[in-house]
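One structure is given here, and the rest of the page talks about it.
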Amino acid sequence: MATEGRDLPAEYSGLYFTRDSRFDLVLAAEYDVFGFALYNSGLIVLIVDSTNLPNWYPIDMFEIEDGRIPAGWSFSPRAGGTAGMAALWGYSRLAGDEAFSEALTVHEDAALTVFWDEIVPLTVKPADGHS
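Quick note on my numbering: the sequence shown kicks off at 20 and runs consecutively.
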């Protein structure tokens, strides 16, 4: 797992991260993924990091242990092109409501409430491992 911008491929530098970026991640920790997006021509994932907030990170920072996509996910193309968000996969509210996903990215209180109340319960498995 990468924890600094210098650990990422050069194409991630610029619009989203710099070589000096530091990330709020814990080495060897497992993270649930709440969405994927094609951003700046690279794939990013939405996780809850060590700040206890949902944030987007390049997928190259992680080792994928379970590649299954959860039931109920949707896909939505976006107008960002190669210099922004071109597409998003995730739970319907995240993928289908562009205003919501943008509000979540900047941690608006209302969006965070929806995230914790509606989206997280769809992803996180009970402690006994049963769905």
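Glycine included, each C-beta is placed from N, C-alpha and C at the ideal position. Please read all numbers here as calculations on a predicted model, not as lab measurements.
- If the five residues before and after F134 are omitted, its C-beta is found closer than 8 Å to the C-beta atoms of F53, P73 and L123, all from its own chain and listed in chain order.
- Each residue's CA atom was taken as its position, placing W75 and V125 some 11 Å apart.
- Among the bridge pairs identified by DSSP, I88 is matched with none.
- Annotation: E82 to G109 spans about 19 Å, alpha carbon to alpha carbon.
- Here DSSP, grouped into helix, strand and coil, assigns I138 to helix.
- Shortest Cα-Cα distance from I66 to any of Y58, N59 and D43 involves D43.
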